[in-house]
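Let me begin by presenting the structure, written as structure tokens, before commenting on it.
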Amino acid sequence: MRTQIVAGNWKMNNDLAQTQALISDLKKQIQTSNAEVMIAPTFTNLYSAFEALRNTNIEVIAQNMHFAKNGAYTGEISACMLKSVGVETVILGHSERRAYFNETDELLAQKVEAALENNMRIIFCFGEELADRKSDNHFNIVESQIKNALFHLSSDAWSSIVLAYEPVWAIGTGETASPEQAQEMHAFIRKTIDAKYGSDVANSTSILYGGSVKPVNAKEIFSNPDVDGGLIGGAALNAEDFFAIINAFGEK
Ligand code: 13P
Numbered sequence: 043m044r045t046q047i048v049a050g051n052w053k054m055n056n057d058l059a060q061t062q063a064l065i066s067d068l069k070k071q072i073q074t075s076n077a078e079v080m081i082a083p084t085f086t087n088l089y090s091a092f093e094a095l096r097n098t099n100i101e102v103i104a105q106n107m108h109f110a111k112n113g114a115y116t117g118e119i120s121a122c123m124l125k126s127v128g129v130e131t132v133i134l135g136h137s138e139r140r141a142y143f144n145e146t147d148e149l150l151a152q153k154v155e156a157a158l159e160n161n162m163r164i165i166f167c168f169g170e171e172l173a174d175r176k177s178d179n180h181f182n183i184v185e186s187q188i189k190n191a192l193f194h195l196s197s198d199a200w201s202s203i204v205l206a207y208e209p210v211w212a213i214g215t216g217e218t219a220s221p222e223q224a225q226e227m228h229a230f231i232r233k234t235i236d237a238k239y240g241s242d243v244a245n246s247t248s249i250l251y252g253g254s255v256k257p258v259n260a261k262e263i264f265s266n267p268d269v270d271g272g273l274i275g276g277a278a279l280n281a282e283d284f285f286a287i288i289n290a291f292g293e294k
């Protein structure tokens, strides 16, 4: 069975005190779950989050990293720096990185390489914009985002890759892909991987959905056969909502 994952992407929210308070709320509610649970606080709070969640089943992950090992890249953070504070998984390719920081498929391919060289797991994000969907170009866009950044990898490398389909029009907008739209795209993604790598890789790759997942819609979205979890933004900033979403898996 594929790994099921619910990951909270905190984005640029929560200073140190707020991070500690939210983690303390999370710890009060920790319970066993069918899904792996992760949170991605901002860089400055990764270490304290890691320390606070040591020996729990909540993994602390990063929102981004640079591809170089070290050097003259002012303001950047490398894979080995993340690993040195306990981080084993990194989100790459989030649409906000693509849109506001000009991250291209080519750059992301380099970041993917660097993460794999450091034995990190990757949650690789992609998704179409509203105009792409309106012009019926969403499948082409998603296919090219995956191919350009990931199809140079060996089959073996795919055991470290988790995919996250995040339609840009659904992020932070309160608008969610319908369960049918999510399933349709996730099935297409799996078929695309199958065509290149075969069914073993395709059937063992977890594909998460992201974009306005809330307690009210999580169960319906997660009940789709090709949806293996969620990447949660706004609702992950509240412990109760985050756990309600995690618990939606109990019902899958
Ligand atoms: P929202 O859940 O706030 O729409 O954000 C989704 C997201 O971007 C997760 O990475």
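Residue numbers (my numbering): 43 to 294.
Cβ coordinates follow ideal geometry from the N, Cα and C atoms, glycine included.
**Request:** State buried or exposed for R96, treating a residue as buried only when at least 16 other CB atoms are found within 10 Å of its CB.
**Result:** As a working note, residue 96 is residue 54 in the sequence shown. Looking at its Cβ environment, which holds fewer than 16 other Cβ atoms inside 10 Å, R96 is exposed.
**Asked** Do you know how far the Cα of F285 is from the Cα of N76?
**Response** Residue mapping note: residue 76 aligns to position 34 of the sequence shown, counting from 1. Residue mapping note: residue 285 aligns to position 243 of the sequence shown, counting from 1. Looking at the two C-alpha atoms, the distance is approximately 12 Å.
**Message:** According to DSSP, is V243 part of a helix, a strand, or is it coil?
**Reply:** Translated into the one-based positions of the sequence shown, residue 243 becomes position 201. In this structure, V243 counts as helix in the three-state DSSP scheme.
**Asked** On the three-pair Cβ rule with 8 Å, is the segment 187–206 touching the segment 158–170?
**Response** Verdict: yes, contact present.
**Asked** Counting along the chain, where does the beta strand (DSSP E) carrying L279 start and finish?
**Response** To locate residue 279, count along the sequence shown from 1; it is residue 237. From DSSP, L279 is part of no beta strand (DSSP E); its letter is neither H nor E.
**Prompt:** Who are the Cβ neighbours of F85 in its own chain at under 6 Å, not counting the five residues just before and after it?
**Reply:** Counted from its first residue, the sequence shown places residue 85 at position 43. Once the five neighbours on either side are set aside, the close Cβ partners of F85 are I119.
**Prompt:** On the three-pair Cβ rule with 8 Å, is the segment 64–80 touching the segment 105–114?
**Reply:** Cβ pair count under 8 Å is below three, so no.
**Asked** Name the DSSP bridge partner or partners of C167?
**Response** Taking the first residue of the sequence shown as position 1, residue 167 is located at position 125. According to DSSP, which records beta bridges pairwise, C167 is partnered with A206.
**Three-way DSSP call (helix, strand, coil) for T84 in this model** = Mapped onto the sequence shown, residue 84 falls at position 42. The answer is coil: DSSP assigns T84 none of H, G, I, E or B.
**Prompt:** Can you give the Cα-Cα distance for G117 and G276, rounded to whole angstroms?
**Reply:** Position 75 of the sequence shown, counted from the start, is the residue given in the question as residue 117. Position 234 of the sequence shown, counted from the start, is the residue given in the question as residue 276. Cα-Cα distance, rounded: 26 Å.
**Prompt:** Does the Cβ of N259 lie closer than 6 Å to at least one heavy atom of the ligand 13P?
**Reply:** Translated into positions along the sequence shown, residue 259 becomes position 217. Every heavy atom of the ligand 13P is 6 Å or more from the Cβ of N259, so no.
**Prompt:** In or out: R44 buried (at least 16 other Cβ within 10 Å) or exposed?
**Reply:** As a first step, residue 44 must be located in the sequence shown, where it is residue number 2. By the neighbour-count rule (16 or more Cβ atoms within 10 Å), R44 is not buried but exposed.
**Request:** Give the single residue among G271, D283, I100 whose Cα lies nearest to the Cα of F291.
**Result:** If you number the sequence shown from 1, residue 291 lands on position 249. Distance from the Cα of F291 is smallest, within the candidate group G271, D283, I100, for G271.
**Item:** Rounded Cβ spacing between E208 and M162 (contact assumed at less than 8 Å)
**Value:** Reading the sequence shown from its first residue, position 166 is the one you call residue 208. Reading the sequence shown from its first residue, position 120 is the one you call residue 162. Actually they do not touch by this definition, with Cβ atoms about 20 Å apart.
**Message:** Can you tell me whether A59 is buried or exposed? The criterion is at least 16 other CB atoms within 10 Å of its CB, across all chains shown.
**Reply:** Taking the first residue of the sequence shown as position 1, residue 59 is located at position 17. A59 comes out exposed.
**Request:** Specify, as a first and last residue, the run of the alpha helix (DSSP H) that L150 falls within.
**Result:** Translated into the one-based positions of the sequence shown, residue 150 becomes position 108. Per DSSP, L150 belongs to the alpha helix (DSSP H) from 147–159.
**Request:** May I ask you to check if the CB of N280 is nearer than 6 Å to at least one heavy atom of the ligand 13P?
**Result:** Taking the first residue of the sequence shown as position 1, residue 280 is located at position 238. No; taking the cut-off as 6 Å, the Cβ of N280 has no heavy atom of the ligand 13P nearer than that.
**Item:** Residues near S186 in its chain [Cβ-Cβ closer than 8 Å; skip 5 each side]
**Value:** For the purposes of this step, residue 186 is taken as residue 144 along the sequence shown, with counting starting at 1. Around S186: D147.
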